[in-house]
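Visitor: Residue numbers (this note's numbering), protein chains in the order written: chain A, 1 to 71; chain B, 1001 to 1387. C-beta atoms are modelled at their ideal positions from N, C-alpha and C, and glycine is treated no differently.
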């Protein structure tokens, strides 16, 4: 199980993630990215999310393989 | 390289130095990823993408005072927010950021398309045409000035001010500073005229209504904001559109591909931004002794983050000097990064995409009529339209 998250301390609102994976990320009214409710976990990382991670200029997005969630 | 042994180069990133700057980057990177130039009062230059990224993430070590611009944009006034360090920077940025989100920019989409289509239609009516003057420059001027609330009757003055402040500042500083003062005077009058008016739904209106910790912005703060919006909002996007067209004019196969598959245009625009970026470098001042890629940098030293070189760093990109229209991993530095990343990036990107969509849709196959015209700047771009 992967857990996707945006580090709010790093995000600067470039909004690249929303371009690549609009179903997973969104931008709040202040201009910063967040993971949409219920979209933060997935069994496999989609290509969209991988592109969002690879293109984030601040390297603010992480996807951790969180096995503990399965236990 | 120790300080007393440092070999000064004449590296510059303005004017004619831009003609073959991509070769210069390659040469300098081969010698040393961090070097020193004697230009503009002396500065260290950072060529590696990783070093630039790290410096942008460390505003406590690398200050933007006295100015992120080297040389400055023809004024001594620190420009808000780009020349301001935290903590003040945080409050200033908070005012502007919500105004340039993708949702805010999406509201401008229809007007953007309409303007671009009208301008492109005029271009298409010619056989030989200056596409910079007729398309790349007016489109962002119109879009941004409407958004900002710069009155339409004043637009004809803007190009000369931009030329003098941004491009003459390394050639004829006196002329640049005169234009800088004219722009300050212009916004001084404009702001004063707006204070007593009904509030309007534009950037100036937002700034007039904005508050920091319960207080309104001072007249001086408003003036600085306006000056920055002016120099940042018009020229950079015009350059990006012009340089994209400059490339496409020499690559009919790329034109054909984007005409066939317009969905590829956003990715192509990113690639043009990476390789032909309007902002090749921005400056910082070192606040405490530090080391970058083995090079000691002393407190008080000026340094320049060479985004244009980082964007062609072979450690980061496959075939870095090649323009790959559908490049997938494109975490480029065209808009900078960290707390000072370009606030208008979403707007700028959308303008470039819409400009290319409409231009390719309306204008037939085009080629470069004057091969001496360079990739950089906002000067003439003479295109031959049709076979």
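Would you say residue 1240 of chain B and residue 1278 of chain B are within 8 Å of each other, going by their C-beta atoms?
Guide: Stepping through the second chain from its first residue, residue 1240 of chain B is reached at position 240. Stepping through the second chain from its first residue, residue 1278 of chain B is reached at position 278. Yes; because the gap between Cβ atoms is below 8 Å, this pair is in contact.
Visitor: Between the Cα of residue 1023 of chain B and those of B:1312, B:1203, B:1289 and B:1200, spot the shortest distance and give me the residue it belongs to.
Guide: For the purposes of this step, residue 1023 of chain B is taken as residue 23 along the second chain, with counting starting at 1. Among B:1312, B:1203, B:1289 and B:1200, the Cα nearest to that of residue 1023 of chain B is on B:1312.
Visitor: Rounded to whole angstroms, what is the Cα-Cα separation between residue 1345 of chain B and residue 15 of chain A?
Guide: Numbered from 1 along the second chain, position 345 holds the residue referred to as residue 1345 of chain B. Numbered from 1 along the first chain, position 15 holds the residue referred to as residue 15 of chain A. For residue 1345 of chain B and residue 15 of chain A, the distance between alpha carbons rounds to 9 Å.
Visitor: What residues in the region 1318–1333 of chain B have a beta carbon less than 9 Å from any beta carbon of chain A?
Guide: Look at the region 1318–1333 of chain B: the residues with a C-beta under 9 Å from a C-beta of chain A are 1328, 1329, 1330, 1331, 1332 and 1333.
Visitor: For a contact defined as C-beta to C-beta under 8 Å, what are the partners of residue 27 of chain A on chain B?
Guide: Working through the first chain from its first residue, we reach residue 27 of chain A at position 27. Result: 1101, 1102 and 1103.
Visitor: Return helix, strand or coil for residue 62 of chain A, following the three-state DSSP convention.
Guide: By 1-based counting over the first chain, the position of residue 62 of chain A is 62. Note: residue 62 of chain A maps to strand in three-state DSSP.
Visitor: Using the three-state DSSP reduction, which class does residue 1274 of chain B fall into: helix, strand or coil?
Guide: Looking up residue 1274 of chain B in the second chain gives position 274. Secondary structure at residue 1274 of chain B: helix, using DSSP grouped into helix, strand and coil.
Visitor: Which residues of the region 1027–1043 of chain B have a Cβ closer than 9 Å to any Cβ of chain A? Give them in chain order.
Guide: Cβ contacts with chain A: none found.
Visitor: Could you tell me which of B:1296, B:1363 and B:1268 sits nearest to residue 1349 of chain B, measuring between CA atoms?
Guide: Within the second chain, residue 1349 of chain B is the residue found at index 349, counting from 1. Of B:1296, B:1363 and B:1268, the residue nearest in Cα terms is B:1268.
Visitor: Rounded to the nearest angstrom, what separates residue 1079 of chain B and residue 1222 of chain B at their Cα positions?
Guide: Residue numbering aside, residue 1079 of chain B sits at position 79 when the second chain is read from its first letter. Residue numbering aside, residue 1222 of chain B sits at position 222 when the second chain is read from its first letter. Going from the Cα of residue 1079 of chain B to the Cα of residue 1222 of chain B covers about 10 Å.
Visitor: Please name the residue or residues paired with residue 4 of chain A in a DSSP beta bridge.
Guide: Translated into the one-based positions of the first chain, residue 4 of chain A becomes position 4. Its beta-bridge partners are A:63.
Visitor: With hydrogens ignored, establish whether the beta-carbon of residue 1343 of chain B is closer than 7 Å to any heavy atom of the ligand NAD.
Guide: For the structure depicted, the ligand NAD is absent and the ligand set is empty, with no information on it obtainable.
Visitor: Mind checking if residue 18 of chain A is an interface residue toward chain B, Cβ cutoff 8 Å exclusive?
Guide: To locate residue 18 of chain A, count along the first chain from 1; it is residue 18. With a threshold of 8 Å between beta carbons, residue 18 of chain A makes contact with chain B.
Visitor: Are residue 1133 of chain B and residue 1161 of chain B touching if we call contact CB-CB under 8 Å?
Guide: Start at 1 with the first residue of the second chain, and residue 1133 of chain B comes out as number 133. Start at 1 with the first residue of the second chain, and residue 1161 of chain B comes out as number 161. Cβ atoms of residue 1133 of chain B and residue 1161 of chain B: not closer than 8 Å.
Visitor: Return the chain-ordered ranges of every beta strand (DSSP E) run that is complete within the region 1036–1106 of chain B and spans a minimum of 3 residues.
Guide: 1043–1046
Visitor: Between the region 1166–1177 of chain B and the region 1200–1211 of chain B, do at least 3 Cβ pairs fall closer than 8 Å?
Guide: no
Visitor: Going along chain A, which residues have a C-beta under 8 Å from residue 1278 of chain B?
Guide: As a working note, residue 1278 of chain B is residue 278 in the second chain. Result: empty, since nearest Cβ-Cβ is about 16 Å, beyond 8 Å.
Visitor: Closer than 9 Å, Cβ to any Cβ of chain B: which residues of the region 29–46 of chain A, in chain order?
Guide: 29, 30, 31 and 32
Visitor: By a C-beta neighbour count over all protein chains shown, 10 Å radius and 16 as the cutoff for buried, is residue 1315 of chain B buried or exposed?
Guide: Locating residue 1315 of chain B in the second chain gives position 315, counting from the first residue. Exposed is the call here.
Visitor: Just to check my reading of the structure: residue 1180 of chain B and residue 1075 of chain B have Cβ atoms closer than 8 Å, yes? What is that Cβ distance to the nearest angstrom?
Guide: Translated into positions along the second chain, residue 1180 of chain B becomes position 180. Translated into positions along the second chain, residue 1075 of chain B becomes position 75. Confirmed, Cβ separation roughly 5 Å.
Visitor: Identify, in the order they occur along the chain, each residue of the same chain with its Cβ nearer than 6 Å to the Cβ of residue 1323 of chain B, setting aside the five sequence neighbours on each side.
Guide: Position 323 of the second chain, counted from the start, is the residue given in the question as residue 1323 of chain B. The answer, listed in chain order, is 1271 and 1275.
Visitor: Using 8 Å as the threshold, is the C-beta distance between residue 1115 of chain B and residue 1143 of chain B below it?
Guide: Numbered from its first residue, the second chain carries residue 1115 of chain B at position 115. Numbered from its first residue, the second chain carries residue 1143 of chain B at position 143. Closer than 8 Å, so yes.
Visitor: Work out the CA separation of residue 5 of chain A and residue 64 of chain A for me, nearest whole Å.
Guide: In the first chain, counting from the first residue as 1, residue 64 of chain A sits at position 64. In the first chain, counting from the first residue as 1, residue 5 of chain A sits at position 5. Residue 64 of chain A and residue 5 of chain A: Cα-Cα distance of roughly 9 Å.
Visitor: Any beta carbon of chain B sitting closer than 8 Å to that of residue 15 of chain A?
Guide: Residue mapping note: residue 15 of chain A aligns to position 15 of the first chain, counting from 1. With 8 Å as the cut-off, residue 15 of chain A counts as an interface residue toward chain B.
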